[in-house]
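Chemist: Got a structure here, written out as structure tokens. Questions coming.
2 protein chains.
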Amino acid sequence: VLPDGRIWDGLSALRKDNTGYDLKQLFLGAEGTLGVITAAVCKLFPAPITRETALCAVTELAAACRLLGMVRRSLGDCVVSFEFLARPALELVLANISDTRDPFVAAHPAYVLLELTGGHAARGLREELMAVYADAEAQGLVGDALIAESESQRSAWWRLREQIPAAERAAGGSIKHDVSVALADLPTLAQRAGAAVVSRHPGVRVSMYGHVGDGNLHFNVLAPVGADPETFRAAHAASVSDLVHRTAVELGGSFSAEHGVGQLKRDLLRVTESPIALDLMREIKAAVDPKDLMNPGKVL
Amino acid sequence: VLPDGRIWDGLSALRKDNTGYDLKQLFLGAEGTLGVITAAVCKLFPAPITRETALCAVTELAAACRLLGMVRRSLGDCVVSFEFLARPALELVLANISDTRDPFVAAHPAYVLLELTGGHAARGLREELMAVYADAEAQGLVGDALIAESESQRSAWWRLREQIPAAERAAGGSIKHDVSVALADLPTLAQRAGAAVVSRHPGVRVSMYGHVGDGNLHFNVLAPVGADPETFRAAHAASVSDLVHRTAVELGGSFSAEHGVGQLKRDLLRVTESPIALDLMREIKAAVDPKDLMNPGKVL
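Order-wise, the sequence lines are chains E and U.
Mapping of the first sequence onto this note's numbering: position 36 corresponds to residue 36, and the numbering continues sequentially without gaps.
Mapping of the second sequence onto this note's numbering: position 130 corresponds to residue 430, and the numbering continues sequentially without gaps.
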């Protein structure tokens, strides 16, 4: 629905269409500042016939990235989830969420929760996964690894991953960041942002997890043990976020991989985005919504 | 490069970035009317380790579409090519291109040239393909089928597909169309467009081939046998194209799946695109290129 009330029907199920500007892409991610999206066409995929879920202990984020390369090379698009959890994020869950336990006997520096799905052709999914694991172990990338033997085991592992935000809240809350870089730069991002934050704010704890395949990290910072979380955040959130966002942008990355700009990050967009891109965005906004009626004050 | 000479650096290797409008998507497919694209970031995929190429005789386009569904369900994204050729297109190649021969002994109504690639996990690619073929044969969708046993056999089959445009030229030329619809509507498009064209212009020959997985058909129309191709085209190209394009647009499809609008199809865009979408495109064009310097007279 456009600012003047007219309805543009952009519903199309075409995979290929080279006729004029791709208006749909302009409205996607514009956060309602150009118009309101009221309907969507969904692309469906065949329901997977086979599935394997594995939890791998890895030595560090760089090892997880290399493991992703190996498993993609071998299993291609059968890899549907590849979630990274650093040990501190897991510990937050174990300490703050009921009915959780460490799936491994020993503590490991980090973990990958990996899910593969396939059609009939994936009957050898588990065998391939085992072969990749053997390669990765020989290269010293992985420690122990488990393959889910039941749906309840699978759910328990996913719960460890999905309860991280709740665990952070239960621990007093965190300064949250949603950053992305090119996959190859992900370990550098984690290392540099971690070093910068810890050096400026000694004792802080970093809860790090994310979607490695997308180059996307949730890099959340908790107050030092013993400090009052709320007081710490009020005093240092701006400084901590500036360090994390600056590191991502310096690596050619994004300060908002998933969650958008809104009003909270509007000033950040102004200082990190190129002036030329901002001009283009403002020109388009003025052309489509000259009276600034749509979601005013957001994004730009 | 923008109309005022400024250079916007939109090179980014991020898979996820939700910061402001997606300007890159605006320039893609704008045919240079908003600016000139001078560089691109490429996403790389692992080189396939295994490959299988098959040529399947099918009863009709609808059977090819169902076969695509079956092979996608079983082999997912291992399916990298799925090219449809109707018999008349193959016959044009056999008659007009040297060193070509029909791979089958019998004549079949249509063919699918199918290619699968995979990593290590695809070691069973051929076995899976055979299983899908057995299913498809039991359902009466496929006639004979061949799996390439050598690179030279594979090349010979791809040559049959790739030489269709040259064969049409050698046969005197064709009235070409590059239409797309949602995959489910592809058989209806072919049937309706064929009936409309043959009913208005008895004796014309249709050379039909395309990328079924994209819902994209090259629906090319040749003069009746005995008629002078050039005279026929001069007299009837507009009428033939109108029938084909109208059929595609009535089915919610595109009159230009791959090749854009340019100046040849500018008037067609004006009558088939919604006035609201055209207004939006013109507003954006005026905002980004107010002096109409970039590729004037094209697209809009």
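Ideal placement from N, C-alpha and C gives every residue a C-beta, glycine not left out.
As the structure is a prediction and not an experimental result, all values here were calculated from the model.
To be precise: take each residue of the stretch 18-32 of chain E, compare its Cβ to all Cβ atoms of chain U, and keep it if any distance is under 8 Å. Which residues remain?
Modeler: Residues passing the 8 Å Cβ filter: N18, T19, G20, Y21, D22, L23, Q25, L26, L28, G29, A30.
Chemist: Name the chain E residues that come within less than 8 Å of A436 of chain U, Cβ to Cβ?
Modeler: The premise fails here: A436 of chain U is roughly 13 Å from chain E at the closest Cβ pair, so nothing lies under 8 Å.
Chemist: Taking H501 of chain U and Y509 of chain U to be in contact with their CB atoms under 8 Å, please state how far apart those CB atoms are, rounded to whole angstroms.
Modeler: Actually they are not in contact, since the Cβ atoms of H501 of chain U and Y509 of chain U sit about 20 Å apart, beyond 8 Å.
Chemist: Quick check: is any heavy atom of the ligand ZN less than 7 Å from the C-beta of V240 of chain E?
Modeler: Because no ligand of any kind appears in the structure shown, any question about the ligand ZN cannot be addressed here.
Chemist: Compute the Euclidean distance between the alpha carbons of R101 of chain E and L94 of chain E, then round it to the nearest angstrom.
Modeler: If I take the Cα positions, the gap works out to 6 Å.
Chemist: Return the chain-ordered list of same chain residues with a C-beta closer than 7 Å to the C-beta of G10 of chain E, the five sequence neighbours on each side being excluded.
Modeler: Cβ neighbours of G10 of chain E beyond the five flanking positions: L23, K24.
Chemist: Specify the secondary structure class of D478 of chain U as computed by DSSP and reduced to three states.
Modeler: Strand, per DSSP.
Chemist: Count the other C-beta atoms from every protein chain shown that fall within 10 angstroms of the C-beta of S98 of chain E, then say buried if there are 16 or more, exposed otherwise.
Modeler: Exposed is the call here.
Chemist: By alpha-carbon positions, which one of E:C65, E:P275, E:G262, E:L222 ends up nearest to E91 of chain E?
Modeler: It is E:L222 whose Cα lies nearest to the Cα of E91 of chain E.
Chemist: Which residue or residues does DSSP assign as beta-bridge partners of N318 of chain U?
Modeler: In DSSP, N318 of chain U forms no bridge with anything.
Chemist: Considering Cα atoms alone, identify which of E:H245, E:V142, E:L44 is closest to R192 of chain E.
Modeler: Out of E:H245, E:V142, E:L44, E:H245 has the C-alpha closest to the C-alpha of R192 of chain E.
Chemist: Please name the residue, chosen from E:A136, E:K298, E:G194, E:I175, that lies closest to E230 of chain E on a Cα-to-Cα basis.
Modeler: Of E:A136, E:K298, E:G194, E:I175, the residue nearest in Cα terms is E:I175.
Chemist: F82 of chain E bridges to which residues according to DSSP?
Modeler: In DSSP, F82 of chain E forms a bridge with E:L114.
Chemist: For I97 of chain E, would you say it is in contact with chain U, using Cβ-to-Cβ distances shorter than 8 Å as the test?
Modeler: Not an interface residue.
Chemist: Beta-carbon within less than 8 Å of V549 of chain U's beta-carbon, same chain only, minus the 5 sequence neighbours each way: which residues are those?
Modeler: Result list for V549 of chain U: F555, T572, in chain order.
Chemist: Using the Cβ count rule (16 or more neighbours within 10 Å means buried), how would you classify C65 of chain E?
Modeler: Flag for C65 of chain E reads buried.
Chemist: Would you list the one or two residues that DSSP bridges to M508 of chain U?
Modeler: U:F519, per the DSSP bridge assignment.
Chemist: Do E52 of chain E and L141 of chain E have their CB atoms nearer than 8 Å?
Modeler: No, the Cβ-Cβ distance between E52 of chain E and L141 of chain E is not below 8 Å.
Chemist: Have a look at W458 of chain U and S452 of chain U and give me their C-alpha separation to the nearest angstrom.
Modeler: Their backbone Cα atoms lie some 10 Å apart in a straight line.
Chemist: For the stretch 49-79 of chain E, which residues have a CB atom closer than 9 Å to at least one CB atom of chain U, in sequence order?
Modeler: Hits within the stretch, in order: I49, G69, R72, R73, S74, L75, G76, D77, C78.
Chemist: Determine the direct distance from the alpha carbon of T33 of chain E to that of V299 of chain E, and round the result to whole angstroms.
Modeler: Rounded to the nearest angstrom, the two C-alpha atoms are 8 Å apart.
Chemist: Within 8 Å, do at least three Cβ pairs link the stretch 163-175 of chain E to the stretch 107-115 of chain E?
Modeler: No: the two stretches stay apart, fewer than three of their Cβ pairs being nearer than 8 Å.
Chemist: Is the shortest distance between the beta-carbon of R315 of chain U and the beta-carbons of chain E less than 8 Å?
Modeler: So, interface residue.
Chemist: Taking only beta-carbon atoms, is H559 of chain U less than 8 Å away from chain E?
Modeler: Yes - at least one Cβ of chain E is within 8 Å of the one on H559 of chain U.
Chemist: As a quick exercise: from U:I576, U:I584, U:E583, pick the residue whose alpha carbon is nearest that of G5 of chain E.
Modeler: Nearest C-alpha to G5 of chain E: U:I576.
Chemist: DSSP state of T584 of chain U, grouped into three classes?
Modeler: The question names Thr, yet the displayed sequence has Ile at residue 584 of chain U. If DSSP states are grouped into helix, strand and coil, I584 of chain U belongs with the helices.
Chemist: On the DSSP bridge list, what partners appear for V225 of chain E?
Modeler: According to DSSP, V225 of chain E bridges with nothing at all.
Chemist: Looking at the C-beta of P46 of chain E, does it have a partner C-beta in chain U at a distance below 8 Å?
Modeler: Yes, P46 of chain E lies at the interface with chain U (some Cβ there is under 8 Å from its Cβ).
Chemist: Listing by chain order, which chain E residues have their CB less than 7 Å from the CB of L569 of chain U?
Modeler: The answer, in chain order, is T19, G20.
Chemist: Quick check on the DSSP output: what are the complete beta strand (DSSP E) runs of length 3 or more inside the stretch 439-502 of chain U, in order along the chain?
Modeler: Complete beta strand (DSSP E) runs here, min 3: 442-447, 478-480.
Chemist: Taking the C-alpha atoms as reference points, what is the distance between A470 of chain U and R73 of chain E?
Modeler: Cα-Cα distance, rounded: 43 Å.
Chemist: Excluding sequence positions up to five away, which residues of its chain have a Cβ less than 6 Å from the Cβ of A313 of chain U?
Modeler: Hits under 6 Å: V341.
Chemist: For E137 of chain E, which of E:C56, E:H236, E:G194, E:R87 has the nearest alpha-carbon?
Modeler: Checking every option, the nearest Cα to that of E137 of chain E belongs to E:C56.
Chemist: Closer than 7 Å between beta carbons: that is the criterion. Which residues of the stretch 499-528 of chain U meet it against chain E?
Modeler: Of all residues in the stretch 499-528 of chain U, D514, G515, N516 have a Cβ within less than 7 Å of some Cβ in chain E.
Chemist: Given this structure, state the Cα-to-Cα distance separating S150 of chain E from L375 of chain U, to the nearest angstrom.
Modeler: If I take the Cα positions, the gap works out to 25 Å.
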